[in-house]
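Okay, structure first, notes after.
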Amino acid sequence: MIVNIEDVERLNLVLKDLELAGKALKALPPEKINSAVTYWPEVLHTKMEAYGWDDALMPSRNGATSEEITALDRTLVRILKLSESDRRLVIARAMGFSWRKIMKYRQSKGDGVRHSNLKRLFRNAIFSMAGVDTRDTV
C-alpha cells in the first residue's frame, strides 16, 4: 500500500481527534440520572455569600474542553461511514478499552475474533474515516 504525505496528515488528524473525542466522552455525565421527583441544583456560594458558616463551594472542573467537544463532533461525522461493529470498535478504543476487553465483549456477543484481526479491523476503520484508500497499489 502506498500512502502519500497528505494521507499521513489526515490519518494523524483522525487519530488525534479520536483521542480527544475519547476524553470528551469520558467527561460526559453518566447515562443514568437518579430518578428523583424534583431536582434542586446545588447552590454554589462565593466567599462573600458564605457568611463564615460554611466554606465557599467552587464548581469542580471535570467537563470536556471546547477542543475536545469539537474533536468529538468531527469524529461523529466521520464515524458515520463505518458499519455498526466498526463504530463500536473505534469508540471502545477511543475510550481506552484494551484489546482483550473488546475481544471478550465481542465473544460474549457471539463474534469471536482474535486480537490481530481486531487490530486490522481498527486500522481499516481509521483509514476509512480518513478517506485513505486501503487497497494495495503497484
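Yeah, the sequence shown ends on 130 if you go by the numbering used here, and it's all consecutive. Glycine included, C-beta positions come from ideal geometry on N, C-alpha and C.
Have a look at the options and flag the residue whose alpha-carbon is nearest the alpha-carbon of residue i.
| i | options | result |
| --- | --- | --- |
| W91 | L110, G102 and A16 | L110 |
| A56 | L17, K101 and I71 | L17 |
| F114 | D9, S77 and E(-2) | S77 |
| I83 | L12, R106 and K96 | L12 |
| K15 | R112, R85 and I94 | R85 |
| A63 | V124, V0 and L7 | L7 |
| D65 | I(-3), D9, V0 and V124 | D9 |
| V69 | E(-2), G123, I(-3) and H107 | G123 |
Note down, in chain order, each residue of its chain lying with its Cβ closer than 8 Å to the Cβ of residue i, except the 5 sequence neighbours on either side.
| i | result |
| --- | --- |
| K73 | S120 and M121 |
| G88 | G14 and K18 |
| I94 | L81, A84, R85 and L110 |
| H107 | W91, R92 and M95 |
May I have the straight-line CA-CA distance separating residue i from residue j, to the nearest angstrom?
| i | j | result |
| --- | --- | --- |
| L81 | G102 | 15 Å |
| L3 | E60 | 18 Å |
| S75 | S58 | 28 Å |
| K96 | N(-4) | 36 Å |
| S100 | E(-2) | 39 Å |
| V0 | R79 | 21 Å |
| T67 | P21 | 19 Å |
Can you tell me the Cβ-Cβ gap for residue i and residue j, rounded? I've got them flagged as a contact below 8 Å.
| i | j | result |
| --- | --- | --- |
| G104 | R98 | 7 Å |
Considering only residues of the same chain and omitting the five flanking positions on each side of residue i, which have a CB-CB separation below 7 Å?
| i | result |
| --- | --- |
| L5 | none |
| I71 | R79, V82 and M121 |
Quiz item: Where in the segment 55 to 121 do unbroken runs of the alpha helix (DSSP H), each at least 4 residues long, occur, reported from the N-terminal end onward?
Solution: Fully enclosed alpha helix (DSSP H) runs of 4 or longer: 58 to 71, 76 to 86 and 91 to 100.
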